[in-house]
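In UniProt numbering, the protein residues as written are 1 to 747. The structure appears right after this line, and notes come after that.
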Amino acid sequence: MNTRNQSMPSGVEKPEMDLGYYLDIAISSRWFIAAIVAVFFSIGTLYVFMATPVYRADIMLQVEDSSDGTAGGNLVSNVSSLFQVKSVTAGEIEILRSRLVVSHAVDKLRLYIDASPRYFPLLGRWIAHHKQHLSNPGIFGMGGFVWGGESIDVDRFDVPETLEGERYFITALGNGRYRINGAGFDTPFEGQVGKAETFRSTHGTIFLTVTSLNGNPGARFTIVRMSRLGMIESIQKKLDIQEKGKQRSDVIGAAMRGADPVLISNIMNAIGAEYVQQNVDRKSEEAAKSLQFLDVQLPKLKAALENSEQSYNKYRQIHGTIDIGAEGKLALQQSIDAQAQMLALKQRRADLSTRFGPEHPSIIAMDRQIGELEKVSGSVDSRIEGLPVTQQDVVRLERDVEVSRELYLALLQSSQQLSLLKAGKVGTVRLVDTAPVPEVPVWPIKLLVLPVSILVGLVVGLVVAILKSTFFGGIADPMEVEQQAGLSVYATIPQTDLQQELVKRADAQLPDVSVLALAYPDEPAVESLRSLRTALQFALLEASNNVVLLTGPAPGVGKSFISANIAVLLALIGKRVVLIDADLRKGHLNRYFGEQRHGGLSELLSGSLQVASVLRKTSVSNLDIISTGAIPATPAELLLGARLGDLIAECSRTYDLVIIDAPPILPVTDAAILASHAGTTFLVARAEATKMGELVESARRIKLGGGIVTGVLLNGIREASGRYGYGAKHGHYRYVKYDYAPQRDLS
1 MNTRNQSMPS GVEKPEMDLG YYLDIAISSR WFIAAIVAVF FSIGTLYVFM
51 ATPVYRADIM LQVEDSSDGT AGGNLVSNVS SLFQVKSVTA GEIEILRSRL
101 VVSHAVDKLR LYIDASPRYF PLLGRWIAHH KQHLSNPGIF GMGGFVWGGE
151 SIDVDRFDVP ETLEGERYFI TALGNGRYRI NGAGFDTPFE GQVGKAETFR
201 STHGTIFLTV TSLNGNPGAR FTIVRMSRLG MIESIQKKLD IQEKGKQRSD
251 VIGAAMRGAD PVLISNIMNA IGAEYVQQNV DRKSEEAAKS LQFLDVQLPK
301 LKAALENSEQ SYNKYRQIHG TIDIGAEGKL ALQQSIDAQA QMLALKQRRA
351 DLSTRFGPEH PSIIAMDRQI GELEKVSGSV DSRIEGLPVT QQDVVRLERD
401 VEVSRELYLA LLQSSQQLSL LKAGKVGTVR LVDTAPVPEV PVWPIKLLVL
451 PVSILVGLVV GLVVAILKST FFGGIADPME VEQQAGLSVY ATIPQTDLQQ
501 ELVKRADAQL PDVSVLALAY PDEPAVESLR SLRTALQFAL LEASNNVVLL
551 TGPAPGVGKS FISANIAVLL ALIGKRVVLI DADLRKGHLN RYFGEQRHGG
601 LSELLSGSLQ VASVLRKTSV SNLDIISTGA IPATPAELLL GARLGDLIAE
651 CSRTYDLVII DAPPILPVTD AAILASHAGT TFLVARAEAT KMGELVESAR
701 RIKLGGGIVT GVLLNGIREA SGRYGYGAKH GHYRYVKYDY APQRDLS
């Protein structure tokens with residue numbers, strides 16, 4: 001308990017909401033938080049067992065380098081390597097995701113047709129997942145819902161474009177027949193399983209071929225014809241394609257998630273196979289175009305080679321064998337290399353120009369290389385011109401022969417390689433791993449969902465408890481009262497449930513003491529009231545009389561409990577005390593002392609009884625009590641009479657203390673009337689229930705009625721978790737239960 005003087009100290013610092021504050025809220029709201037955790041755990045458990053399992057199917061592809069490693073060692077680069085397109089992983093990823101590839105998988109598997117059993121809501125799909133045999137459709141034979149091993153396979157379902165996305169219902173009739181109804185049908189139609197059916201709708205013709213229907217008569221299935229383009233785009237969004245490895249590995253992984261493990265496996269395998277096939281087709285097409293180009297160039301090169309050889313042979317017949325010397329041989333070899341490379345580049349450029357424009361980066365780069373080789377060739381020609389005339393002729397003729405021969409042989413070899421490439425159907429990508437049917441779902445993960453649901457429930461519970469305490473909770477800290485209401489807190493009284501048990505025993509007319517201070521004198525709440533007794537005696541020194549009034553903002557704050565127990569504690573130290581139950585509406589102080597209600601304050605105020613007749617001695621020495629008496633129709637009018645003042649004045653002269661238990665101040669005006677007769681008035685507030693605004697308004701009404709508010713008694717403080725000493729909240733002490741009972745003297 002905290003006791004304070006009536007004057008408040010100035011400059012009190014506002015307590016900070018530290019970890020202890022939140023821990024205190026968590027402890028006090030532990031059952032509320034536990035309930036929220038239980039709710040979230042139940043939701044998580046239900047989700048784990050009821051959610052549709054999600055599976056993952058994946059494939060792996062390798063993008064191979066198509067360049068020929070021997071090209072750089074020849075005078076003429078292998079021309080076939082130029083006609084191959086080197087796959088770049090980033091580009092291949094986009095091709096793998098392209099409509100070109102995905103559309104073939106959609107068409108092959110007819111993914112734009114969604115046909116499935118009509119499961120019973122919520123539980124049907126889960127039950128069907130654990131059953132193999134066919135179910136009895138519907139509830140009591142009605143509704144057509146299923147929850148067993150029903151299945152349907154549709155090979156064709158073509159509808160007018162306006163009906164795409166509309167749901168149709170197929171009902172099994174038995175003997176291989178079915179009935180279909182849905183949008184555009186005025187009446188249902190019947191069809192035969194395995195037969196191509198044609199139906200007329202208000203929007204056009206519908207074509208349907210049901211290849212298999214597995215279900216008891218009455219089982220219903222849903223079928224939807226979706227947009228082909230929409231399905232392609234949906235598959236594209238679901239594809240997860242990434243390059244494997246941190247560095248460029250030329251290995252691509254592609255995966256997809258879905259509820260049907262067989263379907264997603266088929267989709268990924270179809271996409272992988274189509275991707276490889278389109279790569280092969282592309283390489284074959286390029287090889288065919290290159291062969292067509294070479295078929296035109298090879299005869300020309302062969303004729304040029306034959307002409308060069310004839311010219312060279314004629315020159316030798318006329319002039320004989322001529323030694324060109326070391327310098328001439330060097331110039332000849334350099335000239336052959338430059339001319340061969342330049343001619344090969346020109347051949348490449350001619351081929352590329354059939355596919356790309358002059359501004360293409362490959363064409364521009366090739367023009368730059370040709371220009372550099374022309375400079376080298378010009379430099380070699382200048383050196384050749386410095387030779388004797390006969391040596392110049394020999395060098396030029398021999399160069400023409402060698403260049404023509406090597407270029408012709410290189411292109412001939414390339415033609416043969418391209419022929420093999422075209423015939424062999426070989427591409428630059430290969431399917432390393434196909435997608436097996438996944439057996440274990442990747443979601444939901446029980447070991448993840450359940451702990452996360454508990455954690456989320458704990459966080460939500462804590463947040464709600466803190467928000468509830470912050471915005472909707474009552475006063476929890478005496479410092480709040482002193483800082484915001486400007487009222488001194490004279491006592492903080494711990495929560496106890498023992499008093500309620502005593503009152504219940506009294507209501508059951510069991511012969512027992514019903515006051516906590518007498519039945520359980522060692523209770524922390526009683527010790528707190530003893531401290532209040534001490535503080536009250538000091539407060540009375542400055543009061544105008546010895547009349548003490550206890551009231552509260554609303555019912556249920558514990559003012560009657562405090563009134564009865566403080567009266568007993570004062571009487572136990574020899575003070576002559578009279579306890580007046582002035583709550584003429586719901587007062588019940590008589591139950592604490594085993595007295596009757598009738599013959600009390602209301603009879604006195606109405607003039608039917610005198611003071612001596614309403615005063616009753618209790619089993620506690622020095623303590624008398626005046627009960628409420630019969631509940632009057634107009635309590636406020638009785639309290640405004642002169643007899644109330646006479647009663648209080650007489651009791652004030654006769655007793656050391658007059659304690660008045662008044663009704664709550666906010667619902668009725670009785671307490672304001674009574675407060676005008678009291679020199680000391682305490683407002684009783686219940687911790688975590690009474691709002692600060694209620695306390696401020698109560699004090700205002702008492703002052704308007706002519707009374708004064710001495711201070712506040714904060715009742716119902718919950719015990720801290722510590723076992724010894726004081727428990728702290730916001731850095732302020734409050735009572736906890738001591739283990740400090742007297743020990744028996746064994747000496």
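Every residue gets a Cβ at the ideal spot worked out from N, C-alpha and C, and that includes glycine. Note that this is a predicted model, so its numbers are computed, not measured.
- When Cβ pairs closer than 8 Å are counted between the two stretches, the segment 566–580 is seen to touch the segment 610–626, the count reaching three or more.
- Separation of Pro667 and Ala554 (C-alpha to C-alpha, rounded to the nearest whole angstrom) is 7 Å.
- Taking a C-beta distance under 9 Å as the contact criterion, Phe593 and Thr634 do not qualify as a contact pair.
- Of the candidates Leu549, Gly599 and Lys238, Leu549 places its Cα closest to the Cα of Leu579.
- DSSP assignment within the segment 421–478 yields the following whole beta strand (DSSP E) runs of 3 residues or more, N-terminal first: 429–433.
- Residue burial annotation: Phe682 is buried, with at least 16 other C-beta atoms found within 10 angstroms of its C-beta.
- Residue environment: Asn313 is assigned as exposed (fewer than 16 neighbouring CB atoms within 10 Å of its CB, all protein chains considered).
- In the same chain as Glu274, and ignoring 5 residues on each side of it, the C-beta atoms closer than 7 Å to its own belong to Val101, His104 and Ala105, in chain order.
- For Ile241, no alpha helix (DSSP H) encloses it; the enclosing beta strand (DSSP E) starts and ends at Asp240 to Glu243.
- Inclusion of Ala476 and Glu688 in the CB contact set at 9 Å is warranted, their separation being smaller than that value.
- Under the DSSP assignment, Ala662 falls outside any alpha helix (DSSP H); it carries neither an H nor an E label.
- By the Cβ rule, the segment 149–161 counts as touching the segment 199–208, because three or more pairs are nearer than 8 Å.
- Gln132 carries a coil assignment under DSSP once its states are collapsed to helix, strand and coil.
- Put simply, the backbone Cα of Gly182 is about 24 Å away from that of Ser135.
- The way I'd put it, the segment 22–37 doesn't touch the segment 219–237; fewer than three beta-carbon pairs between them come closer than 8 Å.
- Counting only the Cα atoms, Thr470 lies some 47 Å from Arg653.
- If you check the CB distance, Leu589 and Ser606 do not come in under 9 Å.
- Taking C-beta atoms as the reference points, Tyr112 and Ser227 count as a pair closer than 9 Å.
- Cβ-Cβ distances below 8 Å link Leu352 to Leu82, His360, Ser362, Ile363 and Met366 in the same chain, with the five nearest sequence neighbours on each side left out; the list follows chain order.
- For Asp646, the enclosing alpha helix (DSSP H) begins and ends at Ala642 to Thr654.
- DSSP places Met256 inside the beta strand (DSSP E), whose first and last residues are Val251 to Gly258.
- Straight through space, the alpha carbons of Val48 and Val63 are spaced by roughly 40 Å.
- Scanning Leu584, Val464 and Ala675 for the CA closest to the CA of Ser544 turns up Ala675.
- Look at the segment 22–65 and you find these whole runs of alpha helix (DSSP H), each 4 residues long or longer: 30–50.
- Contact between Ile59 and Ala259 is absent: CB atoms are separated by about 19 Å, not below the 8 Å threshold.
- Pairing Lys586 with Asp661, the inter-Cα distance amounts to about 11 Å.
- According to DSSP, residue pairing for Asp158 in a beta bridge involves Phe207.
- By the Cβ neighbour-count rule, Ala172 is buried, with 16 or more other Cβ atoms within 10 Å of its own.
- Secondary structure of Lys617 (DSSP, three-state): strand.
- Contact check for Ala636 and Thr680: beta-carbon distance about 22 Å, past the 8 Å limit, so the pair fails to qualify.
- Looking at the DSSP output, Ile625 bridges to Leu579 and Arg616.
- Counting every other CB atom within 10 Å of its CB across the protein chains shown gives Asp186 a total below 16, marking it as exposed.
- The alpha-carbon separation between Thr690 and Lys575 amounts to approximately 32 Å.
- For Thr534, the uninterrupted alpha helix (DSSP H) run begins and ends at Pro524 to Leu540, by DSSP.
- For Val489, the secondary structure class from DSSP, reduced to helix, strand or coil, is strand.
- Pairing Val684 with Gly552 gives a Cβ-Cβ distance under 9 Å.
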